[in-house]
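In full-length UniProt numbering, the protein residues as written are 1 to 85.
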């Protein structure tokens, strides 16, 4: 998840088995990949708080654990859309 969050501006350093995360003012929308279910969920949440548009690829990982996640977040007031290509 770290590389994808870094694309959004996160400051994360890995030391051994630990990740050091420094707080930042904002994340920026980017094109990211959901490498697995948990990473996908993290990308959705990060994308919702980021400034600008976030495009998440390989969402089939998210769908395995969170089917129709966009509907759930939209019901909460989020601006999230599934794009079918």
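Even glycine gets a Cβ: it sits at the ideal position worked out from N, Cα and C.
For residue j and residue i, believed in contact at Cβ under 8 Å, the rounded distance
i	j	result
residue 11	residue 4	Rounded, the Cβ-Cβ distance is 14 Å, inconsistent with contact.
residue 36	residue 61	5 Å
Cβ shell of residue i (< 6 Å), same chain only, five flanking positions each side left out
i	result
residue 1	39 and 42
residue 71	none
residue 34	40, 43, 56, 58, 59, 61 and 62
Top-ranked residue by Cα proximity to residue i, from the options
i	options	result
residue 74	65, 44, 85 and 59	44
residue 53	63, 33 and 28	28
residue 8	85, 17, 24 and 16	24
residue 19	31, 6 and 85	6
residue 58	85, 50, 72 and 26	85
residue 67	82, 77, 55 and 76	82
residue 55	76, 30 and 69	30
Where residue i sits in the DSSP three-state scheme
i	result
residue 120	Here the chain has residues from 1 to 85 only, and residue 120 is not among them.
residue 51	strand
residue 85	coil
residue 45	helix
Cβ-based neighbour list, residue i, same chain, cut-off 7 Å, excluding 5 preceding and 5 following
i	result
residue 14	2
residue 49	27
Closer than 6 Å: residue i CB and nearest the ligand PLP heavy atom
i	result
residue 13	The ligand PLP is absent from the structure shown, which contains no ligand whatsoever.
Close-in-space but distant-in-sequence residues of the same chain around residue i (CB under 8 Å, 5 per side omitted)
i	result
residue 64	37
- Query: Mind pulling the beta strand (DSSP E) runs of 3 or more residues that sit fully within the region 2–43?
  - Reply: 11–15, 18–22 and 31–33
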